[in-house]
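As structure tokens, the structure follows; a few thoughts come after it.
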Amino acid sequence: MSHTPLLKFWALLILSSALVFGLLLGTGCAAPAATEKPTIRLVEFDWTSQVFLTELLDQIISEQLGYPTERTRLSQPVTWAAMDNGDVDITPEIWFPGRQAEIQPFLDKGNIELAGEVFTGAGTGWVVPRYVVEGDPARGIEPMAPDLKTIVDLKNYWKLFENHEKPGLGEVVGGEIGWVDIDPFIILGYDLPLWYSHQSEAVMLARLIAADKKREPILMMIWWPHWIFSQVDLIKIEGVDPYHPELFDFDKEPYPVKSGFQVSKVYKVVRVGLKETAPDVYRLVHNMSVTEEEISELMLRVDVNKEAMPDVARDWIGKNQNRIDQWLGK
């Protein structure tokens, strides 16, 4: 009698048992599935520098750190409440002191925090084209106001900025009615022979660019960073006193105030809980910063050259990866 069929039976039985045991063992000892990364929720506002910085963060967080991201557009007051509730995580730009009063109660609660300045040197003030002060030999322009350094020096040069609208006064080209303007207070405070005009930002910039092309003098209020500094070479006129925000009451008609122009600090804001749930993102936000000159140039590419913002951000990342690696702590 042959034993071959019996041997085959036992061999198959042993093999099957081993496979079943192996599967059971493998199931019991399998490593747990990797924890999914949380979605990082970014908030954008409605001006170019802030939206660009949001785009920059979005690309780095999603493509280099591997987190899913969501973006939403909210007003600033709504953002602080939403972040306090844990509904959003990051926004890269808030201006102090302008927005400090509305965010401070949420900072005091401790669920959100300022994550350092995103760029330095922000502010508002008066500017003239550089050729007004220094001339431009290459363009055949002689200096028109060689000793113009501070706002009080405008007492000697106001006639350069006089026009037919208000003879006997130099014009400060200003922004739209409704903006919070300290300029009329300062004009009265230093008894400057100037008047402050109102027009849209588009008209302001068009007038400045036209004056530059015609090599004419112009005195204008502007804030920075702004792309116009990348298109027209401008000099900031200095104040003679520090900025004193407590001296201004915008509910009243302008009255004399001796103060410098507003100096701003621009911060990133982050939800504190991100430090536990996404520590690498938290570190990135705290380390991220750009220069005033960089953001002005990037705004020029988007607002004037009409380049697509995602493309501009990706190009900047490609040229600054070493710096981004430092932000990421690599």
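First residue of the sequence shown? That's 30 in the numbering used here, and the numbers climb one at a time after it. Think of the CB as a built atom: it goes at the ideal place given N, C-alpha and C, for glycine as much as any other residue.
Per DSSP, what kind of secondary structure is residue i in: helix, strand or coil?
{"i": "residue 250", "result": "strand"}
{"i": "residue 62", "result": "The predicted position of residue 62 is uncertain, since its pLDDT is 48 and thus under 50; no value can be drawn from it."}
{"i": "residue 216", "result": "helix"}
{"i": "residue 274", "result": "helix"}
{"i": "residue 359", "result": "coil"}
{"i": "residue 347", "result": "helix"}
{"i": "residue 230", "result": "helix"}
{"i": "residue 353", "result": "helix"}
{"i": "residue 323", "result": "helix"}
{"i": "residue 56", "result": "Note that residue 56 has pLDDT 45, beneath the 50 cutoff, so the model's placement of it is unreliable and no number is given."}
{"i": "residue 314", "result": "helix"}
{"i": "residue 43", "result": "Bear in mind that a pLDDT of 49 at residue 43, under 50, signals an unreliable position, so the model cannot answer this."}
{"i": "residue 175", "result": "coil"}
{"i": "residue 331", "result": "helix"}
{"i": "residue 279", "result": "coil"}
{"i": "residue 121", "result": "strand"}
{"i": "residue 209", "result": "coil"}
{"i": "residue 92", "result": "helix"}
{"i": "residue 244", "result": "coil"}
{"i": "residue 304", "result": "helix"}
{"i": "residue 195", "result": "coil"}
{"i": "residue 286", "result": "coil"}
{"i": "residue 126", "result": "coil"}
{"i": "residue 107", "result": "helix"}
{"i": "residue 336", "result": "coil"}
{"i": "residue 76", "result": "coil"}
{"i": "residue 269", "result": "coil"}
From the DSSP output, which residues share a beta bridge with residue i?
{"i": "residue 18", "result": "Outside the shown range of the chain, which is 30 to 359, sits residue 18, and nothing can be said about it."}
{"i": "residue 225", "result": "201"}
{"i": "residue 165", "result": "170"}
{"i": "residue 132", "result": "Its beta-bridge partners do not exist; DSSP assigns none."}
{"i": "residue 152", "result": "253, 292"}
{"i": "residue 100", "result": "71"}
{"i": "residue 298", "result": "120, 143"}
Between residue i and residue j, how many whole angstroms is the CB-CB distance? I'm expecting something under 8 angstroms.
{"i": "residue 98", "j": "residue 91", "result": "5 angstroms"}
{"i": "residue 147", "j": "residue 319", "result": "7 angstroms"}
{"i": "residue 162", "j": "residue 248", "result": "Between residue 248 and residue 162 the Cβ distance is about 11 angstroms, and since that is not below 8 angstroms, they are no contact."}
{"i": "residue 346", "j": "residue 89", "result": "7 angstroms"}
{"i": "residue 186", "j": "residue 167", "result": "Contact flag wrong, Cβ pair sits at about 23 angstroms."}
{"i": "residue 69", "j": "residue 307", "result": "6 angstroms"}
{"i": "residue 86", "j": "residue 103", "result": "That pair is no contact at about 16 angstroms."}
Taking C-beta to C-beta, are residue i and residue j nearer than 8 angstroms?
{"i": "residue 81", "j": "residue 317", "result": "no"}
{"i": "residue 145", "j": "residue 315", "result": "yes"}
{"i": "residue 260", "j": "residue 152", "result": "no"}
{"i": "residue 276", "j": "residue 93", "result": "no"}
{"i": "residue 189", "j": "residue 246", "result": "yes"}
{"i": "residue 289", "j": "residue 270", "result": "yes"}
{"i": "residue 227", "j": "residue 206", "result": "yes"}
{"i": "residue 323", "j": "residue 150", "result": "no"}
{"i": "residue 74", "j": "residue 109", "result": "no"}
{"i": "residue 141", "j": "residue 165", "result": "no"}
{"i": "residue 191", "j": "residue 198", "result": "yes"}
{"i": "residue 107", "j": "residue 215", "result": "no"}
{"i": "residue 236", "j": "residue 160", "result": "no"}
Under a CB-based cut-off of 8 angstroms, is residue i close to chain D?
{"i": "residue 308", "result": "Here there is only one protein chain, and chain D is not present."}
Legend entry - Stretch-stretch touch, CB-based, cutoff 8 angstroms, three pairs: the segment 117 to 124 with the segment 205 to 225: Counting C-beta pairs with one atom in each stretch, the segment 117 to 124 and the segment 205 to 225 have fewer than three that are closer than 8 angstroms, which means they do not touch.
Inset, instruction - Say whether the segment 326 to 338 touches the segment 253 to 264, bearing in mind that this needs 3 or more beta-carbon pairs closer than 8 angstroms, one atom from each stretch. - result: Segments in contact, yes.
Inset, instruction - Decide yes or no for the touch test of the segment 287 to 295 against the segment 122 to 132: beta carbon pairs closer than 8 angstroms, at least 3 of them. - result: Cβ pair count under 8 angstroms is three or more, so yes.
Legend entry - Touching by the beta-carbon criterion (3+ pairs, under 8 angstroms), the segment 169 to 182 and the segment 266 to 280: Contact between the segment 169 to 182 and the segment 266 to 280 is present: 3 or more CB-CB pairs across the two stretches fall below 8 angstroms.
Legend entry - contact_flag[the segment 230 to 238, the segment 188 to 204] where n(CB pairs < 8 angstroms) is 3 or more: As far as the Cβ criterion goes, the segment 230 to 238 touches the segment 188 to 204, which means the pair count is three or higher.
Legend entry - Meets three-Cβ-pair contact criterion under 8 angstroms: the segment 301 to 309 and the segment 281 to 288: They do not touch, by the three-pair rule.
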